Amino acid sequence: MADRTMPSRSPLPNRPMNDGIAMSDDANRLDGVAKVTGSAKYGRDVMPKNGVFVSFIRCPWGHAQARSIDEEAASAVAGVLEVEITGREGRYHGEPIGHIAAESLAALRRARSALNIEWDPEDADTEIGSPEASHDDDPDGADHVLEAVYTTPVQTHSSLETHGTSIDHMGDRAIIYASTQGTFSAREGMDRVLGMPQSRFKVVCEFVGGGFGSKLNGAGKEGLTAGRIAAKYGRPAWLFCDRAEEHLDTGNRPSSRTHVRIGYRDDGTIVGGSVRTWGGVGVAGGGGGVVMPSNRYDLGRIRKQHADVRFNGGGPRAFRAPGHPQGAFAEELMIDEVATATGRDPLELRMKLDREDERRSMYELGARLIGWKRRQPTGTQASVLRRGFGIGSTSWNRFPARADAEVVIHPDASVEVRTGSQDIGTGQRTAMAIVVARQLGVPLDVVHVSIGDSSLPAGPASGGSVTATNTSLAMLEAADNLKETFLERIAAQLGVVAGALKIREGDIMQDDRRMMTWQEACAALGSAVSGRGSRSRRSDRQYSGSGHSMGVQFVDLEVDSETGVIHLNRIVAIQSCGRVICRKTAESQIIGGVIQGLSFALFEDKLLDRNTGAMVNPNLEFYRIAGPADMPKIEPVLWEGNQTGIRPLGEPPTIPTAGAIACAVFNAVGSPVRDLPLRPDRVLDAIEGGRS
Amino acid sequence: MPQIQLTLNGSPATVDYEPHHRLLDTLRYGLALTGTKEGCGEGECGACTVLIDGRPANSCLVPTYQARGCDVRTVESIPAETLRPLLESGATQCGACTPGVVVTSAWVRSNPELIETHTLRQLMAGNLCRCTGYDGIIDGVQQGLDMDAESRGAKP
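These protein sequences, in sequence, are chains A and B. Under my numbering, the first residue of the first sequence is numbered 272, with each subsequent residue one higher. Under my numbering, the first residue of the second sequence is numbered 5, with each subsequent residue one higher.
Spelled out as structure tokens, the structure:
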């Protein structure tokens, strides 16, 4: 019904610059109808009848020992099935020390308060602090040395759908409705807790409410705990985090500290030096890497050292381009500081330092689009409102991953695209339909996608921008194989040789004559025909999947020098990703990457209380993410330059934004703000410092 | 179980509810209207937005009892054909915030005079989205307003 009023394709009136670049210029998101009408079912929406609700018991302090826990009182609460304490020490705010299972969410809440836990808080470390950088010799050949420390805070992923799993346990089999970025990795360990072989259960995640890296952790503690309870009671089980738990214990982008001591010449040439970085990894053993230098610029010989610093906080998880935005922030601002110190235009200096010719062309376009000519030299404005312009650059490599695919033509003339990979909002579903429709030669309307189900052909977990890049190669091969079989069967019916037939807009053509319509041909099949593909070395060659993505971003903003408030005017984001599959979802990925970078630059900060180690802002009011009114006009530009292969798009647009904004603020106020987020008080300090 | 009477998605309804249930719980868990999402549970993100007597409200902040006698509309009652602009403009990515966005946009569109005193970005500011960057959302609401103005025969 809805399909008739909701078109699968409609042209976009805006952004003429991007017209005609993508395989599909006008396809709407395939699952857009289900999403705007509210019919899309997410894991959290699946509440099987007779289900058991589960939640963790968590430490409320940065570091504490539970002296007394009234398990008996909690167990006695009506509707409570079990209370299990697995440890007494909490090493960070939000660390689970056990769980409760109950008949309802209300019983869970009552039981949690009946536990009446008395905690003995202990000293908690809450930040990286100021580790000493060992003394380095001045770099050879330098006229000057820049020594500076750049820091970034802990950023939480803040997906709108929280982490969790709903398990429909049906005795000898089960369906795991997981909010996950890995349909297949979410099975890991589940066989053990369910006491079932993997052949008896499957993971379903048709719709996932965001992840950004935080849902790459297999079944996760949420899934495994729900699985254990489901198996124990032989009933469905449901465990989803609330917003506070989501901030506290489902991963984050680790904080960073970057100490640079770098030499440069009078002409702005950077001759090398040392970069020492620290990553704040909470109680985790690692994962705090800072990608600085990025290798995009020629910075001479850099000696790099990194150390992870542990403190009493939840551990990091991959977060959209792990390590990159924090590194790019330091690198871009450092380059602008050198440019300003040597009296050079930051654009001109980047043209000189950048290692990629293609990115130079991007700088030229970006400068034109943002109006770089209007930029005034850094530190020359004395008005209340000060205009600033900044630049950042990005790159991302294409990583190989295993992917299988299947395409089926059904006798009712529908084409089914089958991939077990997941669409976490990226547009994977839509992209795969477009790739197959194009390769087969059929209209997009006949293509349906089965996705997010571990009984479908295996696909990679969505991390590192590998999903579309790899699955599409398998899809192309599957479509080619299917087309061959299909045309052989049709040719036999028509009494012609298969090689003479083509499919054009669904019609079966011989030379320029229509032999059969799509419907007639499919009906003539009698049964479904399928083709399979697999991403392999061979398919990589055949369908040219190499190459990396790159881009530049330009920022235009205003700083109120009396309040320190930053107002973004425009951001131009030029991005290459090889052959663009779907224009609308690609533009959306770019804008979405920019807003996460912007939000990181201006607002986000997981704050741990210095005395108690507790997070003081575990919500979406005081842990602020950018809202509609914070956003400038963002102009995504799909770069045509290197249109070969299907290249990564998820991570690269979020890398340069914070750095570009910091550079623009520096340009406006005349002194760099070296700590994110760029809070008004820090901006005012920079202005004051610049005056003194 | 106690009951309240209300108008739900255009029809009179008698609804059983747990006394401690928020309207959000009653909708999602009692009535299986899972289009309404829970994003934060404390009125910050707007994912659970419903219309109560024509005005947007965070259903996570409304005790079910408080909705007695009210006209409650959820995303499920918004006519699909009016949502076409949001689909076309790319107002959705992961979709978890989308139902709230849709409901707020329906409120804006049924009160077009609001844009004389507020910007669309201000009107939509109660709905947080982590994926789209809001451009598609704002474009979609604007196109919806244009479409409505056109069908009323007025100049947009």
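Just so it is clear, CB atoms sit at the ideal spot from N, CA and C, and this is done for glycine as well. Being a predicted model, the structure only gives us computed values, none of them experimental.
> Mind pulling the chain A residues with CB within less than 7 Å of residue 101 of chain B?
Replying inline: By 1-based counting over the second sequence, the position of residue 101 of chain B is 97. The contacting residues are 431.
> Grouping DSSP H, G and I as helix and E and B as strand, with all else coil, what is residue 518 of chain A?
Replying inline: Numbered from its first residue, the first sequence carries residue 518 of chain A at position 247. In this structure, residue 518 of chain A counts as helix in the three-state DSSP scheme.
> Closer than 9 Å, Cβ to any Cβ of chain B: which residues of the segment 466-485 of chain A, in chain order?
Replying inline: 478, 479, 480, 481, 482 and 483
> Among A/708, A/575 and A/636, which one has its Cα closest to the Cα of residue 718 of chain A?
Replying inline: Here residue 718 of chain A is taken as the residue at index 447 of the first sequence, counted from 1. When only C-alpha atoms are compared, the closest one is A/708.
>> Between which residues of its own chain and residue 572 of chain A is the CB-CB distance below 7 Å, once the five residues before and five after are set aside?
In response: The sequence position of residue 572 of chain A within the first sequence is 301, counting from 1. For residue 572 of chain A, where only same-chain residues beyond five positions count, the Cβ hits under 7 Å are 543.
>> For a test of the three-state rule: what should DSSP assign to residue 931 of chain A, helix, strand or coil?
In response: Translated into positions along the first sequence, residue 931 of chain A becomes position 660. In this structure, residue 931 of chain A counts as helix in the three-state DSSP scheme.
>> Please identify the residue among A/725, A/492 and A/384 whose C-alpha is closest to the C-alpha of residue 345 of chain A.
In response: The residue labelled residue 345 of chain A in the question sits at position 74 within the first sequence. If we check each option's Cα against that of residue 345 of chain A, A/384 comes out closest.
> Where are the beta strand (DSSP E) runs, 3 residues long or more, that stay fully inside the segment 870-927 of chain A, in chain order?
Replying inline: 904-909
> CA-CA distance, residue 634 of chain A and residue 866 of chain A?
Replying inline: What you label residue 634 of chain A is simply residue 363 of the first sequence in a count that begins at 1. What you label residue 866 of chain A is simply residue 595 of the first sequence in a count that begins at 1. Each residue's Cα considered, the two are about 21 Å apart.
> Comparing the C-beta of residue 108 of chain B with each C-beta of chain A, is any distance below 7 Å?
Replying inline: For this step, residue 108 of chain B is matched to residue 104 along the second sequence. Not one chain A Cβ lies under 7 Å of residue 108 of chain B.
>> Here's the rule: buried if 16 or more other CB atoms are within 10 angstroms of the residue's CB, otherwise exposed. What is residue 813 of chain A?
In response: Here the question's residue 813 of chain A lines up with position 542 in the first sequence. With a pLDDT of 49 at residue 813 of chain A, under the threshold of 50, the modelled position of this residue cannot be trusted, and the question is left open.
> Is the segment 600-611 of chain A close to the segment 526-543 of chain A, with three or more CB pairs under 8 Å?
Replying inline: yes
>> Across the segment 659-669 of chain A and the segment 679-695 of chain A, are there enough close Cβ pairs to call them in contact, namely three or more that are closer than 8 Å?
In response: no
> Are residue 124 of chain B and residue 145 of chain B touching if we call contact CB-CB under 7 Å?
Replying inline: Within the second sequence, numbered from 1, the residue matching residue 124 of chain B stands at position 120. Within the second sequence, numbered from 1, the residue matching residue 145 of chain B stands at position 141. Taking 7 Å as the Cβ cut-off, residue 124 of chain B and residue 145 of chain B qualify as a contacting pair.
> How long is the line joining the alpha carbons of residue 15 of chain B and residue 307 of chain A, rounded to whole angstroms?
Replying inline: Stepping through the second sequence from its first residue, residue 15 of chain B is reached at position 11. Stepping through the first sequence from its first residue, residue 307 of chain A is reached at position 36. Rounded to whole angstroms, residue 15 of chain B to residue 307 of chain A spans 22 Å at the Cα level.
> Between the Cα of residue 99 of chain B and the Cα atoms of A/586, A/748, A/583 and A/311, which residue gives the shortest distance?
Replying inline: Within the second sequence, the letter at position 95 stands for residue 99 of chain B. Comparing Cα-Cα distances from residue 99 of chain B to each of A/586, A/748, A/583 and A/311, the minimum goes to A/311.
> Out of A/509, A/772 and A/552, which has the shortest C-alpha to C-alpha gap to residue 520 of chain A?
Replying inline: Walking along the first sequence from the start, residue 520 of chain A turns up at place 249. Cα-wise, what sits closest to residue 520 of chain A is A/552.
> Which runs of the alpha helix (DSSP H) spanning at least 4 residues fall entirely within the segment 726-804 of chain A, listed in chain order?
Replying inline: 738-765 and 789-796
> Quick one: is residue 816 of chain A near chain B, going by C-beta distance under 7 Å?
Replying inline: Within the first sequence, numbered from 1, the residue matching residue 816 of chain A stands at position 545. Low confidence applies here, because residue 816 of chain A scores a pLDDT of 47, under 50, leaving its location unreliable; read the following figure in that light. Judged by the 7 Å Cβ criterion, residue 816 of chain A is not in contact with chain B.
> How many Å lie between residue 773 of chain A and residue 793 of chain A at the Cα?
Replying inline: Along the first sequence, one-based indexing puts residue 773 of chain A at 502. Along the first sequence, one-based indexing puts residue 793 of chain A at 522. Residue 773 of chain A and residue 793 of chain A: Cα-Cα distance of roughly 14 Å.
>> So if DSSP puts residue 302 of chain A in a beta bridge, which residue, or which two residues, is it bridged to?
In response: For the purposes of this step, residue 302 of chain A is identified with residue 31 of the first sequence, where counting begins at 1. Partner(s): none; residue 302 of chain A has no beta bridge.
> Can you list the beta strand (DSSP E) stretches of 3 or more residues lying completely in the segment 357-418 of chain A, in chain order?
Replying inline: 367-373 and 389-392
> Considering only C-alpha positions, which residue in the set A/744, A/789, A/334 and A/724 is nearest to residue 453 of chain A?
Replying inline: One-based indexing of the first sequence puts residue 453 of chain A at position 182. Cα-wise, what sits closest to residue 453 of chain A is A/724.
>> The alpha helix (DSSP H) that contains residue 718 of chain A, what's its start and end?
In response: Taking the first residue of the first sequence as position 1, residue 718 of chain A is located at position 447. That residue, residue 718 of chain A, is in no alpha helix (DSSP H); its beta strand (DSSP E) goes 718-722.
>> DSSP three-state label for residue 93 of chain B, please.
In response: Taking the second sequence and counting its residues from 1, one reaches residue 93 of chain B at position 89. Three-state DSSP puts residue 93 of chain B in a helix.
> At least one CB of chain A closer than 7 Å to the CB of residue 14 of chain B: is that the case?
Replying inline: Mapped onto the second sequence, residue 14 of chain B falls at position 10. Residue 14 of chain B does not count as touching chain A.
> What separation, rounded to the nearest whole angstrom, lies between the Cα atoms of residue 801 of chain A and residue 776 of chain A?
Replying inline: Residue 801 of chain A sits at position 530 when you count from the first residue of the first sequence. Residue 776 of chain A sits at position 505 when you count from the first residue of the first sequence. When rounded, the distance between both Cα atoms is 19 Å.
>> Quick check on residue 311 of chain A - is its C-beta less than 7 Å from some C-beta in chain B?
In response: Reading the first sequence from its first residue, position 40 is the one you call residue 311 of chain A. So, interface residue.
> Going by beta carbon distance, what residues of the same chain come within less than 6 Å of residue 25 of chain B, once the five residues before and after it are set aside?
Replying inline: Counting from one through the second sequence, the residue named residue 25 of chain B turns up at place 21. Correct list, in chain order: 68.
> How about the segment 741-760 of chain A and the segment 670-685 of chain A: do they share at least three Cβ pairs that are nearer than 8 Å?
Replying inline: yes
> Measuring CB to CB, does residue 364 of chain A end up less than 7 Å from residue 400 of chain A?
Replying inline: Here the question's residue 364 of chain A lines up with position 93 in the first sequence. Here the question's residue 400 of chain A lines up with position 129 in the first sequence. Going by C-beta atoms, residue 364 of chain A is not nearer than 7 Å to residue 400 of chain A.
> Does the pairing of the segment 909-923 of chain A with the segment 873-893 of chain A give three or more beta-carbon distances under 8 Å?
Replying inline: no
> alpha helix (DSSP H) containing residue 633 of chain A: first to last residue?
Replying inline: The residue you call residue 633 of chain A lines up with position 362 of the first sequence. Here the alpha helix (DSSP H) through residue 633 of chain A covers 628-641.
> Do you know offhand how far residue 70 of chain B's Cα is from residue 886 of chain A's?
Replying inline: On the second sequence, residue 70 of chain B is found 66 positions in, with the first residue counted as 1. On the first sequence, residue 886 of chain A is found 615 positions in, with the first residue counted as 1. The straight-line gap from Cα to Cα measures roughly 33 Å.
>> Let me confirm a value: residue 754 of chain A is counted as buried when at least 16 other C-beta atoms fall within 10 Å, else exposed. Which label applies?
In response: Within the first sequence, residue 754 of chain A is the residue found at index 483, counting from 1. Residue 754 of chain A is buried by the Cβ-count criterion.
> Taking DSSP as the reference, what is the three-state secondary structure of residue 595 of chain A?
Replying inline: Here residue 595 of chain A corresponds to residue number 324 of the first sequence, with the count starting at 1. If DSSP states are grouped into helix, strand and coil, residue 595 of chain A belongs with the helices.
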